[in-house]
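Numbering (the UniProt record's numbering), first residue to last: 1 to 247.
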């Protein structure tokens, strides 16, 4: 009797593994040929293939009027069709397989849902959500334009971190046309609101003549003093070191 139960359990496990293998193989049919990942927002392009929307849109943007299929290299129109049934199939398959592609898809789905939540909070005027989106786009996605967008909205609300990040972007042309005068103004507003790193940036810029500023030892000392008495331990140390060179 035990041997029969063991045999039955083995057969059940074998069937489960076989089903998982088939599901994994089926999921592979939906891989975006550009990202080589299961798409979160699948669309069907004019060449008949399934793509991640953002990936095929980037491809179309780079090719312009001379658009060709990434797969066949044949000319194609920029028409994209929603692939709702594909999305539904991917969701069902990803729930039943444990392979790397499914795990990555579930992780990306979770990140996508978090972004949707953050955007909703940002739309209600939450500066912390805006700054989280800035971090996501600047450091993780390397999309400085989107990062600046959210930093500037936070800055417009008077948020000190938003002012510093938007000011830095303007001073260095990160995601926005370089405008040092406007950038310095935002850094000054951030420093005035207690942002230590903004004060440090102004202090060393006045000390060295950076960011379009004339060298001014008194202004450098003023801002470095503020930075040296700010909350950030690293900024305090950096500012104190620079002040030490001015003795």
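C-beta: ideal position from N, C-alpha, C; glycine also.
**Item:** Enclosing beta strand (DSSP E) for residue 51 [first to last residue]
**Value:** Segment 50-52, the beta strand (DSSP E) holding residue 51.
**Cβ pair residue 190, residue 167 closer than 8 angstroms** = Yes, they are a contact pair.
**Message:** Please report the straight-line C-alpha distance between residue 196 and residue 93, rounded to a whole angstrom.
**Reply:** So the alpha carbons of these two residues sit roughly 50 angstroms apart.
**Item:** Three-way DSSP call (helix, strand, coil) for residue 189 in this model
**Value:** Collapsing the DSSP output to three states places residue 189 in a helix.
**Prompt:** The alpha helix (DSSP H) with residue 38 in it runs from where to where?
**Reply:** Unbroken run through residue 38: none, as it is neither H nor E.
**Prompt:** Where do the ends of the beta strand (DSSP E) carrying residue 82 lie?
**Reply:** Counting along the chain, the beta strand (DSSP E) containing residue 82 begins and ends at 80-82.
**Message:** My output table needs one value for residue 233: the three-state DSSP class, helix, strand or coil.
**Reply:** Reduced to three states, the DSSP call for residue 233 is helix.
**Request:** Pull up the distance between the alpha-carbon of residue 107 and that of residue 60, whole angstroms please.
**Result:** Those two C-alpha atoms are separated by around 27 angstroms.
**Request:** Under the assumption that residue 41 contacts residue 76 (Cβ atoms under 8 angstroms), give the Cβ distance between them as a whole number of angstroms.
**Result:** Incorrect: roughly 19 angstroms between the Cβ atoms, too far for contact.
**Asked** Just how far apart, CA to CA, sit residue 245 and residue 169?
**Response** Between the alpha carbons of residue 245 and residue 169 lies a gap of roughly 28 angstroms.
**Three-way DSSP call (helix, strand, coil) for residue 204 in this model** = Note: residue 204 maps to helix in three-state DSSP.
**Prompt:** Apart from the five residues on each side of it in sequence, which residues of its chain come closer than 6 angstroms, Cβ to Cβ, to residue 235?
**Reply:** Excluding the 5 residues flanking it on each side, residue 235 has same chain C-beta neighbours closer than 6 angstroms at 196, 197, 200, 227, in chain order.
**Message:** What would DSSP say about residue 120, mapped onto helix, strand or coil?
**Reply:** Correct three-state label for residue 120: helix.
**Request:** Measure the alpha-carbon distance for residue 131 versus residue 74 and round it to whole angstroms.
**Result:** Rounded to whole angstroms, the gap between the alpha carbons of residue 131 and residue 74 is 43 angstroms.
**Asked** Excluding the five sequence neighbours on either side, which residues of its own chain have a C-beta within less than 7 angstroms of the C-beta of residue 70, listed in chain order?
**Response** Excluding positions up to five away in sequence, the list reads 33, 34, 59.
**Item:** Helix, strand or coil at residue 176 [DSSP, three-state]
**Value:** In the structure shown, the three-state DSSP call for residue 176 is coil.
**Message:** My assumption, with CB atoms under 8 angstroms, is that residue 81 sits in contact with residue 124. Please give the rounded CB distance.
**Reply:** A Cβ-Cβ separation of about 33 angstroms leaves residue 81 out of contact with residue 124 under the 8 angstroms criterion.
**Message:** Quick check on this structure: which residue in 29, 176, 101 has the alpha carbon closest to the alpha carbon of residue 144?
**Reply:** Nearest in C-alpha terms to residue 144, of all of 29, 176, 101, is 176.
**Request:** Rank 207, 100, 186 by C-alpha distance to the C-alpha of residue 157 and give the top, closest one.
**Result:** Cα-wise, what sits closest to residue 157 is 186.
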